[in-house]
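The sequence shown begins at 560 in the working numbering and counts up by one. The structure under discussion appears below in the form of structure tokens.
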Amino acid sequence: MVGSKSSASGGALNAYAIERTVVRIHLDPVNYLASGVAVAFIMFRRKSHPHSEQEGEDQPHKVKVLRTSLGAPLSGRDLQYCNDACLRRYLEARNWNVEKSKKMLVETLKWRSIFKPEEIRWHEVAIEGETGKAYRANFHDRHGRTVLILRPGMQNTTALDNQMRHLVYLIENAILNLPQDQEQMSWLIDFTGWSLTNNVPIKSARETVNILQNHYPERLAVAFLYNPPRIFEAFWKIVKYFLDPKTMQKVKFVYPKNKDSVELMKSYFDMDNLPTELGGKANLKYDHEEFSRQMAQDDVKAAKFWSFDKHHTETNGYSAPQVAPKTECLAPPVKV
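Structure representation (structure tokens):
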């Protein structure tokens, strides 16, 4: 029984069980499900602890303790990355356990020093975005969160390394364009055109899980699964047993002909902004050339964002230029 194990062994068991479940599904053609979109569930997984919530007055102290535990004063990009908002996210991800949070953060700093996500430029990953399989929307949700739209049915490449660089680029770009008082994103995952033949490989799904879960904790607020195939419900019935109640609330199944689903979307999004294919009223179409122009402009902003000779201030969990990057229109209205 998972419930009879210690919290540490229980967390490890959950991780192992989920991975084995996904692998088995992948190996069985009859039950081969959306391994790529499985990320939307697995990345929410959190180790359950009976007392994960800390008293509010204890949290600032934990942030200071975590910063001190990192040792010698940070410098350069590490210093820029590790502001108080960042430390709070890592503490939250590890139930405010300082040692576990420190381990997680140190691993992220190592990863960032090698992967260098802030140095990725659009022209390096533009081929991944040609079909519009993933892009930052030109609107925010009602909470001011950046919105990423993902369309697994439009997968167009097979090179894992570049797929991951593309994903990381979009996440970094989404964070860069968050309002000053917001730290999280919303994801809209559109299943239109999805089939078993164009599904994301399991290796890609596992690497995506690793990056999102370990290096972008508490960045994803909610994921909407728009019009998923019925076969996907079978997968959900398996995975949901490994999720705690707080995590369950982040995953939203949305069906266009369901009244409750429509009302749910209205509660999170302004229907005038939401594309028609996602149940909204906006006549928007992904334009790769226009998106590329906007990303080139954002690359200039990103370079300034991370420059060390500028005056910086905290914004959306990073240390950023005093003037936060302006959100640009990324998918222009269709001309009729």
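Beta carbons: idealized from backbone N, C-alpha and C, even for Gly. In this text, all values refer to a predicted model and were calculated from it rather than measured experimentally.
Exercise for the section: Apply the 10 Å Cβ neighbour rule to R701 and answer buried if 16 or more other Cβ atoms are within range, or exposed otherwise. Expected result: exposed
Problem - Residues near Q722 in its chain [Cβ-Cβ closer than 7 Å; skip 5 each side] - result: The answer, listed in chain order, is E687, T716, S763.
Exercise for the section: Could you give the DSSP three-state label for F794: helix, strand or coil? Expected result: helix
Handout entry: Nearest-angstrom Cα separation, counted from V657 out to T835
Key = 45 Å
Problem - Three-state secondary structure assigned by DSSP to R724 - result: R724: helix per DSSP, three-state reduction.
Practice task
Measure from the alpha carbon of D829 to the alpha carbon of each residue in H699, I679, W670, then state which is nearest.
Solution key: H699 is the residue among H699, I679, W670 whose C-alpha sits nearest the C-alpha of D829.
Practice task
Sort R778, K809, P815 by Cα distance to P787 and report the nearest one.
Solution key: When only C-alpha atoms are compared, the closest one is P815.
Exercise for the section: Could you check if H620 is buried or exposed, using at least 16 other CB atoms within 10 Å of its CB as the buried criterion? Expected result: exposed
Problem - Three-state secondary structure (DSSP) of P788 - result: Collapsing the DSSP output to three states places P788 in coil.
Problem - Of the residues F791, M854, K863, the one placed nearest I748, counting alpha carbons only - result: F791
Exercise for the section: Go through its chain and collect everything with a Cβ distance to V624's Cβ below 6 Å, but skip five positions before and after it. Expected result: Cβ within range, chain order: V657.
Handout entry: V638 - containing alpha helix (DSSP H), residue span
Key = The residue you asked about is not Val; residue 638 is Leu in the sequence shown. 635-640 is the extent of the alpha helix (DSSP H) around L638.
Handout entry: Opening and closing residue of the beta strand (DSSP E) in which L823 lies
Key = Element bounds for L823: not the beta strand (DSSP E) but the alpha helix (DSSP H), 818-827.
Handout entry: Where the alpha helix (DSSP H) through P663 begins and ends
Key = One point to set straight first is that residue 663 is Met, not Pro, in the sequence displayed. Start and end: 657-674.
Handout entry: When E777, Q714, W670, L737 are compared against F864, the one with the closest alpha-carbon
Key = Closest in C-alpha terms to F864, from the list E777, Q714, W670, L737, comes L737.
Exercise for the section: With DSSP as the reference, label I708 as helix, strand or coil. Expected result: strand
Practice task
Count the C-beta pairs between the segment 770-783 and the segment 739-747 that are closer than 8 Å, then say yes if the count reaches three, no if not.
Solution key: yes
Practice task
Could you tell me how far apart the beta carbons of S628 and K662 are, in whole angstroms, since I believe they sit closer than 8 Å?
Solution key: Contact between S628 and K662 is ruled out by a C-beta separation of about 10 Å, above the 8 Å threshold.
Practice task
Report buried or exposed for L650, applying the criterion of at least 16 other Cβ atoms within 10 angstroms of its Cβ.
Solution key: buried
Exercise for the section: Identify every residue that forms a DSSP beta bridge with M744. Expected result: According to DSSP, M744 bridges with T705, L779.
Exercise for the section: Please determine if the segment 676-691 and the segment 848-867 are in contact, where contact requires at least 3 C-beta pairs separated by less than 8 Å. Expected result: yes
Practice task
Report yes if the CB atom of L784 is closer than 9 Å to the CB atom of V813, and no otherwise.
Solution key: Closer than 9 Å, so yes.
Exercise for the section: Could you tell me which residues DSSP puts in a beta bridge with P834? Expected result: A841
Exercise for the section: Work out the CA separation of Q639 and P588 for me, nearest whole Å. Expected result: In this prediction, P588 scores a pLDDT of 38, lower than 50, which makes its location untrustworthy; no coordinate-derived value is stated.
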